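*Asks:*
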Amino acid sequence: MAEVFANATQILEPFRGVKKVTIEEYFTSGHRTCQGCESALVMKLMVKAAGPRTIVLGATGCMYVANTTYYTTPWVVPWMHTQLGSSGSAALGTAAGLKALMKKGKMKSEPINVIAFCGDGGGADMGLGAISATLTHKEYNSLILMYDNESYANTDIQLSGSTPYGANTTFSPPGKVRRLIHTRWKKNTAAMLAAGHTECRYVGTVCASYAVEMMNKVRKALSIGGPTFIHSLDPCPKGWDYDPMLSHELGELAVECGVFPLYEVEDGVVRHYGKTKSIVEGRPRKPVREYLLKQGRFAHFTEEDLEYFQAKVDQMWNEWEIPGVIPFKKAPAGK
Ligand SMILES: Cc1ncc(C[n+]2csc(CCOP(=O)(O)OP(=O)(O)O)c2C)c(N)n1
Ligand code: SF4
Ligand SMILES: [Mg+2]
């Protein structure tokens, strides 16, 4: 009788420094993403961290379209496209399918990583419900990675729930009568998913500018068991309108200015990482203007807009219950 597939995951120890990172690549040449595309780097690091016994499922978006030109693909591991809002369903269905096949003895019983990625449009907006459902099914191991380039980039940079306040997109072009068309604050997606799914064992935020940390979070998410979620902030030269050589620097600045905090929530415990941790411990944040004014999508910002943006970011660090993560506060006693 076939061995019954339990909830075993691969043992993926963290890479202890850049020199220990494995050299094999599972996302190679054969894609046609823009020069300086940070999301392509995220794909490469994500699957390098996961290793060869991995299935990758990808929702519609730049990382599907630009990576699957007819007759060519950069994916070395098995890869499948799924509908724009379906990264959650694809992750859960694939994990459940593998488990059933192994249980019936129709395939060898072994831990196989299941990773489903989605963009911010596919994850923070359209696919949020399916991701939420998947994060409650603790008997199936999978990782959903949301690569956040802060727009519906593939269809020419429409604004999403992840687009920053005031940014110029094809749906929010600044005009003479109204300078700012997009005046909603960006969703706090990772923390929302962590707070709302108390049995999900791992939620983390990453940025490929901090590559080893990013890969180690992927390895932890795949090893811990059950469904997990990672939110990656990805500078996008086309949508953010900057010189492609600045991608790495902009990722660093997003963290150093406190716009994008790096943290994880593991079994209900929040841990800040790297420069975010230093900020929590008192290191001054860089002014957000250093980050915003390097990007053409904020070129119309006035001093007043920059001050508003700075004040909102200050609030995250000075007033939130858990800095940069959880905004709720308890009402004072008796109120
Ligand atoms: C249901 C559905 N609506 C619209 C589209 C058209 N569409 C394809 S890719 C895309 C943008 C997706 O944005 P995001 O998830 O942020 O990924 P990105 O393109 O930014 O990588 C859209 C709207 C689609 N494929 N399916
Ligand atoms: S539009 Fe942005 S996310 Fe899409 S391929 Fe170009 S750089 Fe990458
Ligand atoms: Mg996007």
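According to the working numbering, numbering within the sequence shown proceeds without interruption in unit steps and concludes at 341. By construction, the Cβ of each residue, glycine as well, lies at the ideal position given by its N, Cα and C atoms. Only a predicted model underlies this, so the values are computations on that prediction, with no experimental measurement involved.
Quick check: residue 6 and residue 57, are their CB atoms within less than 9 Å of each other?
*Replies:* Past the edges of the chain, shown from 7 to 341, lies residue 6, and the structure says nothing about it.
*Asks:* Out of 131, 243, 148 and 183, state which residue places its alpha-carbon closest to the alpha-carbon of residue 233.
*Replies:* When only C-alpha atoms are compared, the closest one is 148.
*Asks:* Give me the DSSP bridge partner(s) of residue 276.
*Replies:* DSSP lists 271 as partners of residue 276.
*Asks:* Is residue 324 close to ligand 3? I mean its beta-carbon at under 8 Å from any heavy atom of the ligand.
*Replies:* Checking the Cβ of residue 324 against ligand 3 gives no.
*Asks:* Between the alpha carbons of residue 307 and residue 172, how many angstroms are there, rounded?
*Replies:* Looking at the two C-alpha atoms, the distance is approximately 8 Å.
*Asks:* Out of 224, 61 and 261, state which residue places its alpha-carbon closest to the alpha-carbon of residue 272.
*Replies:* Taking only the C-alpha atoms, the option nearest residue 272 is 224.
*Asks:* Which residues bound the beta strand (DSSP E) around residue 124?
*Replies:* Its beta strand (DSSP E) spans residues 119-125.
*Asks:* Within this structure, are the beta carbons of residue 100 and residue 150 separated by less than 9 Å?
*Replies:* No, Cβ-Cβ distance for residue 100 and residue 150 is not below 9 Å.
*Asks:* Could you say which of 217, 78 and 63 lies nearest to residue 20 if we only look at CA atoms?
*Replies:* Comparing Cα positions, the closest option is 217.
*Asks:* Do residue 126 and ligand 1 come close, with the Cβ less than 8 Å from some heavy atom?
*Replies:* Correct: residue 126 has its Cβ closer than 8 Å to ligand 1.
*Asks:* Please find out if some non-hydrogen atom of ligand 5 comes closer than 8 Å to the beta-carbon of residue 261.
*Replies:* As presented, the structure is devoid of ligand 5, carrying ligand 1, ligand 2 and ligand 3 as its sole ligands.
*Asks:* Please confirm whether residue 86 and residue 125 have their CB atoms less than 9 Å apart.
*Replies:* Their beta carbons are not under 9 Å apart, which means residue 86 does not touch residue 125 by this criterion.
*Asks:* Compare the C-alpha of residue 35 against each of 317, 50 and 111 and name the closest.
*Replies:* Among 317, 50 and 111, the Cα nearest to that of residue 35 is on 50.
*Asks:* Indicate, with yes or no, if ligand 1 has a heavy atom lying under 8 Å from the CB of residue 189.
*Replies:* Residue 189 Cβ: outside cutoff for every heavy atom of ligand 1.
*Asks:* Should residue 243 be counted as a contact of ligand 2 given a C-beta to heavy atom distance under 8 Å?
*Replies:* Within the cutoff, so yes.
*Asks:* Is residue 166 close to ligand 3? I mean its beta-carbon at under 8 Å from any heavy atom of the ligand.
*Replies:* Answer for residue 166: yes, Cβ within range of ligand 3.
*Asks:* Exposed or buried, what is residue 319 when buried is set at 16 or more other beta-carbons lying within 10 Å of its beta-carbon?
*Replies:* By the neighbour-count rule (16 or more Cβ atoms within 10 Å), residue 319 is buried.
*Asks:* Quick check: does the Cβ of residue 247 come within less than 8 Å of any heavy atom belonging to ligand 3?
*Replies:* No; taking the cut-off as 8 Å, the Cβ of residue 247 has no heavy atom of ligand 3 nearer than that.
*Asks:* When DSSP labels each residue in this structure, what does residue 140 get in the three-state scheme?
*Replies:* The answer is helix: DSSP assigns residue 140 an H, G or I state.
*Asks:* Once DSSP output is grouped into helix, strand and coil, what is the label at residue 316?
*Replies:* If DSSP states are grouped into helix, strand and coil, residue 316 belongs with the helices.
*Asks:* With DSSP as the reference, label residue 152 as helix, strand or coil.
*Replies:* The answer is strand: DSSP assigns residue 152 an E or B state.
*Asks:* So what does DSSP say about residue 282, is it helix, strand or coil?
*Replies:* It is helical.
*Asks:* Verify the contact flag: residue 16, CB atom, against every heavy atom of ligand 1, threshold strictly below 8 Å.
*Replies:* Because no heavy atom of ligand 1 lies under 8 Å away, the Cβ of residue 16 does not count as near it: no.
*Asks:* Using CA coordinates, which residue listed in 137, 246 and 269 is at the minimum distance from residue 197?
*Replies:* When each option's Cα is compared against that of residue 197, the closest is 269.
*Asks:* How many Å lie between residue 326 and residue 103 at the Cα?
*Replies:* Answer to the nearest angstrom: the Cα atoms are 41 Å apart.
*Asks:* Determine the direct distance from the alpha carbon of residue 262 to that of residue 11, and round the result to whole angstroms.
*Replies:* Only weak support exists for where residue 11 lies, its pLDDT of 48 falling under 50; the value from the coordinates is given anyway. Whole-angstrom Cα-Cα distance: 44 Å.
*Asks:* CA-CA distance, residue 123 and residue 63?
*Replies:* Near 6 Å, if we compare the C-alpha coordinates of residue 63 and residue 123.
*Asks:* Write down the C-beta distance between residue 130 and residue 91 rounded to the nearest angstrom, noting that I regard them as a contact closer than 8 Å.
*Replies:* Their Cβ separation, rounded to whole angstroms, is 11 Å, which puts residue 130 and residue 91 out of contact at 8 Å.
*Asks:* Please tell me whether, using a cut-off of 8 Å, the distance from the CB of residue 52 to the nearest non-hydrogen atom of ligand 2 is below it.
*Replies:* No, Cβ of residue 52 sits at least 8 Å from all heavy atoms of ligand 2.
*Asks:* Using the Cβ count rule (16 or more neighbours within 10 Å means buried), how would you classify residue 329?
*Replies:* The residue is buried, with at least 16 neighbouring Cβ atoms inside 10 Å.
*Asks:* Please report the Cβ distance between residue 66 and residue 73, rounded to the nearest whole angstrom; I am assuming they are in contact, meaning their Cβ atoms lie under 8 Å.
*Replies:* Actually they are not in contact, since the Cβ atoms of residue 66 and residue 73 sit about 11 Å apart, beyond 8 Å.
*Asks:* Write down every uninterrupted run of the beta strand (DSSP E) in the stretch 165-229 whose length is 3 residues or greater and which is fully enclosed by it, in chain order.
*Replies:* DSSP runs (the beta strand (DSSP E)) wholly in the stretch 165-229: 208-212.
*Asks:* Alpha carbon to alpha carbon, how far is residue 210 from residue 236?
*Replies:* For residue 210 and residue 236, the distance between alpha carbons rounds to 5 Å.
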